[in-house]
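Undergrad:
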Amino acid sequence: MRRSAAPGGLSAATTVAPWRDRWSLWRDRLLASPRFRQWAAGFPLTRWVAHRRAQSLFDLVAGFVYSQVLLACVQLRLFDHLADGPLTVSALQPRLGLDAAATLRLLQAAQALQLVEARHGGRWGLGPLGAVMAGDRAISAMVEHHGALYADLADPVALLRGQARDSHLAAFWPYATTSAPGQLGDADVGAYSELMSASQPLVAEQVLDAVDLRRFACLMDVGGGQGRFLIEAGRRAPSLALRLLDLPAVVERAQRQPEWQALGARASVHGADFLRQPLPGGADIVSLVRVVHDHDDEAAQALLRAVHAALPPEGRLLLAEPMADTPGAARMGDAYFGFYLLAMRSGRPRSAAQLAAMLQAAGFQAPHEHATRQPLQTRVLMALKPVANVPGARA
């Protein structure tokens with residue numbers, strides 16, 4: 501069937517794009533006009549839009565300052581100090597190691613960001629966002645870790661041009677850039693293993709609420725760090741055999757964890773470089789939790805093929821990570837992770853559609869997405885390795 505043509509012999513598709521381009525150009529010129537912006541800020545029907553866009557633009561400019569206020573609160577343990585109840589400036593300042601003026605300045609900045617609140621009697625308590633932070637080791641660890649990212653982003657143009665010499669994140673994640681990850685020792689992997697272990701419960705809860713693992717016999721978590729995801733999976737599925745695969749130095753750290761030791765004979769470790777060594781068979785489900793986006797396309801595709809080869813027919817791959825183009829969280833994907841992984845010098849954010857295409861290229865069927873409560877933190881794809889010549893099964 502031929503496509504219908506627009507007047508003059510152009511297809512409908514070729515006439516839509518120029519019309520949209522002309523409209524976008526007109527809009528851009530209008531918004532660039534100082535006279536129009538001044539008018540829009542005063543006209544009752546457009547005032548709220550103008551104010552909202554002005555606030556959004558200012559937040560982009562001031563975002564680094566906001567993050568540093570949060571970092572100061574975490575480093576000074578402000579939320580922990582307020583967790584048991586409101587305190588006055590005079591009571592807080594010796595705990596924070598600041599004088600009265602600096603303490604008040606920090607509190608007022610934190611209040612503007614909804615981290616703390618002014619209470620009656622000159623006291624200060626937790627705000628709605630600070631209450632979430634109080635006592636949460638995972639979030640606090642991630643906030644402190646971002647000091648390395650901010651240092652790498654000091655010259656974003658040099659980073660984009662590949663001219664940045666040192667990378668704090670690349671040093672923090674040495675497996676991403678070294679040619680021999682399997683030779684890394686405990687001192688090399690300790691910092692990132694501890695960070696991932698601290699932050700993993702945030703993701704594990706989301707994933708395991710979305711996927712019931714009790715129907716499987718053996719779960720192999722590839723790149724599973726110190727085993728936090730498997731420990732939580734073992735709690736949810738008491739009969740599930742658990743296998744951890746990561747670099748030798750990392751799995752040695754996992755074996756020293758009391759919670760891992762408590763799993764007993766149902767849990768085992770396999771020290772290997774999963775990008776350079778074949779994956780062992782025997783599991784009917786393999787998980788990749790926050791692993792694929794850490795690798796460039798060629799390495800990520802090779803990893804998916806390796807998982808496919810290790811699984812039996814009708815085995816499943818569980819892929820969980822934050823994804824680009826997530827509705828309501830688009831900035832998290834290409835803006836945040838795009839530059840985080842650039843600074844790390846390995847990997848890139850991918851959309852669910854891009855990951856689905858990679859999974860199918862590796863031999864899996866089209867994956868099924870399992871909804872999570874917080875898609876900003878993680879989304880979950882489940883992909884089936886089909887029996888040969890039997891299409892149509894669902895993951």
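Counting from 501, one number per residue, gives the positions in the sequence shown under the working numbering.
Don't be surprised by glycine CBs; every beta carbon is placed ideally from N, CA and C.
All figures in this text were calculated on a predicted structure; none of them were measured in a lab.
1) Less than 8 angstroms between the CB atoms is what I'm expecting for Leu576 and Leu596, so what's the real figure, rounded?
2) Met642: which of Ala658, Leu669, His581 and Ala609 sits nearest, CA to CA?
3) Quick check on DSSP: helix, strand or coil for His868?
4) Just checking my contact of Ala749 with Asp686 at CB under 8 angstroms: how many whole Å lie between their CB atoms?
5) Note down the Cα distance separating Ser491 from Ser524, rounded to an integer number of angstroms.
6) Cβ of Phe774 within 8 angstroms of Cβ of His808?
7) Check whether the segment 706-715 touches the segment 727-745, counting contact only when three or more Cβ pairs, one atom from each stretch, lie closer than 8 angstroms.
8) Do Gln726 and Ser697 have their CB atoms nearer than 8 angstroms?
9) What does the alpha-carbon distance come out to for the pair Cys573 and Ala648?
10) Could you give the C-beta distance for Gly899 and Asp796, rounded to a whole number, given that I count them as a contact under 8 angstroms?
11) Going straight from the alpha carbon of Pro812 to that of Pro674, what length do you get?
12) According to DSSP, is Asn889 part of a helix, a strand, or is it coil?
13) With a threshold of 8 angstroms between beta-carbons, can Ser590 be considered close to chain B, or not?
14) Grouping DSSP H, G and I as helix and E and B as strand, with all else coil, what is Val880?
15) Considering Arg736, what are the terminal residues of the alpha helix (DSSP H) in which it resides?
16) According to the Cβ coordinates, are Leu763 and Gly734 closer than 8 angstroms?
17) Given this structure, state the Cα-to-Cα distance separating Arg520 from Arg529, to the nearest angstrom.
18) Taking buried to mean at least 16 other C-beta atoms within 10 Å of its own C-beta, is Val880 buried or exposed?
19) Quick check: the segment 779-794 against the segment 753-762, are there 3 or more CB pairs under 8 angstroms?
20) Would you kindly work out how many angstroms separate the C-alpha atoms of Pro867 and Gln874, rounded to a whole number?
21) In whole angstroms, what is the alpha-carbon distance linking Leu897 and Thr677?
22) With H, G and I counted as helix, E and B as strand and the rest as coil, what does DSSP make of Asp721?
23) Looking at Asp559 and the ligand GDP, is the gap between the Cβ and the nearest heavy atom below 7 angstroms?
24) Arg776 and Glu821 look like a contact to me (Cβ under 8 angstroms); what is the Cβ gap, rounded to whole Å?
TA: Considering the structure as presented:
1) Taking a contact as a CB-CB distance under 8 angstroms, the pair Leu576 and Leu596 counts as one, their CB atoms being some 5 angstroms apart.
2) That would be Leu669, whose Cα lies nearest to the Cα of Met642.
3) His868 sits in a strand when the DSSP states are folded into three classes.
4) 5 angstroms between Cβ atoms; contact.
5) This structure cannot settle anything about residue 491, because the visible part of the chain is limited to 501 through 895.
6) Contact flag unset, no.
7) Yes, the segment 706-715 touches the segment 727-745.
8) With respect to Ser697, Gln726 sits close: the two C-beta atoms are nearer than 8 angstroms.
9) About 17 angstroms.
10) The displayed coordinates of the chain run from 501 to 895. Any statement about residue 899 would go beyond what the structure contains.
11) One Cα belongs to Pro812, the other to Pro674, and the distance between them is close to 32 angstroms.
12) Confidence is the limiting factor: at Asn889 the pLDDT is only 48, short of 50, which leaves the residue's position unreliable, though a coordinate-based value still follows. Three-state DSSP puts Asn889 in coil, outside helix and strand.
13) Annotation note: the requested chain B is absent from the structure, which comprises a single protein chain.
14) Strand at Val880.
15) Counting along the chain, the alpha helix (DSSP H) containing Arg736 begins and ends at Arg728 to Arg736.
16) Taking 8 angstroms as the cut-off, the Cβ atoms of Leu763 and Gly734 count as close.
17) Straight-line spacing of the CA atoms in Arg520 and Arg529 works out to 14 angstroms.
18) With 16 or more other Cβ atoms within 10 Å, it is buried.
19) With contact defined as three or more Cβ pairs closer than 8 angstroms, the segment 779-794 and the segment 753-762 are not in contact.
20) The alpha-carbon of Pro867 is positioned some 19 angstroms away from that of Gln874.
21) Residue coverage of the chain in this structure runs from 501 to 895, which leaves residue 897 outside it and unanswerable.
22) Looking at Asp721 - three-state DSSP - the assignment turns out to be strand.
23) Absence of the ligand GDP is noted for the structure shown, with no ligands found whatsoever.
24) Taking C-beta atoms under 8 angstroms as the contact rule, Arg776 and Glu821 fail to qualify, at a distance of about 22 angstroms.
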